[in-house]
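Reading through the structure tokens given below for one structure.
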Amino acid sequence: MASNNPGLKRTELIADTMLEALKKSRYHMKRCFAKYIEKGRRTLKLQQLMDETAKAIDDVTERNQVLEGLLGYILCSTQEAVVIPPHVAFAVRPNPGSWEFVKVNSDDLTVDPIYR
Numbered sequence: 004m005a006s007n008n009p010g011l012k013r014t015e016l017i018a019d020t021m022l023e024a025l026k027k028s029r030y031h032m033k034r035c036f037a038k039y040i041e042k043g044r045r046t047l048k049l050q051q052l053m054d055e056t057a058k059a060i061d062d063v064t065e066r067n068q069v070l071e072g073l074l075g076y077i078l079c080s081t082q083e084a085v086v087i088p089p090h091v092a093f094a095v096r097p098n099p100g101s102w103e104f105v106k107v108n109s110d111d112l113t114v115d116p117i118y119r
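Using the numbering used here, the final residue of the sequence shown is 119, and nothing's skipped along the way.
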């Protein structure tokens, strides 16, 4: 039986899958990242990220479509995001004990892993 779970496979990295997810909804992501960086340097928790996303994507149907995909999974796995315009760095915990850190450039939506 096929699964509809948009979660990550064991060997996939957040940086790789995030780039693909951002490409799928580029228009909405540009709006979201513009909303994230509009207030300058700050730290965002999960609920703040979701609130900013809701403000950026007005249409409930479109917002649900974006959040039900892989990008929604990544955002829900994000513990914290640090905004230093034009970059947003995400601390993502897809599984207990597993952390990944990625940096997204809000201008061109490029994704780079951050190594510890």
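Yeah, the Cβ is synthetic: ideal placement off N, Cα and C, and Gly gets one too.
What residues in its chain sit with their C-beta under 7 Å from that of residue i, if we drop five residues either side in the sequence?
i	result
Ser80	Val95, Arg96, Pro97
Lys48	Glu83
Ala24	Gly72, Leu73, Leu74, Ile77
Ile117	Ala92, Phe104, Val105, Lys106
Can you have a look at residue i and say buried or exposed, based on whether 16 or more other CB atoms are within 10 angstroms of its CB?
i	result
Ser28	buried
Spatial neighbours of residue i within its chain, please: CB distance less than 8 Å, with the 5 preceding and 5 following residues excluded, ordered by chain position.
i	result
Lys42	Val86
So what does DSSP say about residue i, is it helix, strand or coil?
i	result
Glu83	strand
Thr20	helix
Asp62	coil
Arg96	strand
Under the DSSP definition of a beta bridge, which residues are partnered with residue i?
i	result
Gln90	The question names Gln, but residue 90 is His in the sequence shown. For His90, which the question treats as bridged, DSSP gives the partners Ile87, Asn108.
Leu47	Ala84
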